[in-house]
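According to the UniProt record's numbering, the stretch in the sequence shown is residues 1 to 151, in order.
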Amino acid sequence: MTGALRTSELAAVVGVNTQTLRYYERRGLLAEPDRTLGGHRLYPEEAVTTLRVIKAAQRLGFTLDEVGELLATTRFGARRRADAGLQARAAAKLAEVDAKLAELTAVRDTLRAALAAGCDDLLACSEIPSCPVPFEVSASVARVGGCACEC
């Protein structure tokens with residue numbers, strides 16, 4: 001097999017741990033490689049691309065399960081569903097990110113308001129009606145990630 005890489009070589013090229021390669025194999029993200037007569041794994045050059053795709057997808061917030069589904073739709077593109085491709089998955093992931101950003105923005109705004117109000121003792125602040133820290137959770141507060149302030 002020309003251009004084949006041993007486990008340590010592949011791990012070094014992609015910048016992952018050798019155990020990561022084995023883990024990805026067990027999860028079905030990386031095809032099981034051929035082996036030498038001595039039992040050493042020999043990965044094809046395409047494994048570099050696959051691993052780079054996996055790591056890029058993870059940096060974009062995709063879970064390994066989601067990465068596996070994306071890889072499966074790529075490998076079996078002729079049979080893929082319309083909602084299984086990268087466009088649909090990226091749109092869904094973007095919606096998740098936007099929701100998290102909204103939650104984090106609400107938390108940030110509450111923390112800024114608490115700093116501006118001079119809150120220094122949560123027990124004491126909990127008795128002050130004007131304190132911006134949300135001590136009671138209402139249905140509307142639960143929907144926006146816990147912020148009850150009117151910022």
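For every residue, glycine included, the Cβ atom is placed at its ideal position computed from N, Cα and C.
CB-CB length for residue i against residue j, believed under 8 Å
i	j	result
residue 67	residue 57	5 Å
residue 4	residue 44	6 Å
Burial state of residue i, where buried means 16 or more other Cβ atoms lie within 10 Å
i	result
residue 30	buried
residue 54	buried
residue 41	buried
residue 104	exposed
residue 123	exposed
residue 115	exposed
residue 92	exposed
Rounded C-alpha distance that separates residue i from residue j
i	j	result
residue 94	residue 60	9 Å
residue 96	residue 38	47 Å
residue 7	residue 18	6 Å
residue 71	residue 46	13 Å
residue 107	residue 35	52 Å
residue 136	residue 121	17 Å
residue 98	residue 74	26 Å
residue 129	residue 16	52 Å
residue 23	residue 12	16 Å
residue 100	residue 127	30 Å
Closest by C-alpha distance to residue i, when choosing among the options
i	options	result
residue 86	106, 44 and 62	62
residue 112	134, 128, 96 and 129	134
residue 27	69, 128 and 16	69
residue 64	128, 104 and 20	20
Sequence-distant residues of its chain with Cβ nearer than 6 Å to residue i (five each side left out)
i	result
residue 51	14
Neighbourhood of residue i by C-beta distance below 8 Å, restricted to the same chain and skipping five residues each side
i	result
residue 32	25
residue 10	21, 43, 47, 48 and 51
Same chain, Cβ closer than 7 Å to residue i, neighbours up to 5 away in sequence not counted
i	result
residue 131	117, 119 and 125
residue 90	none
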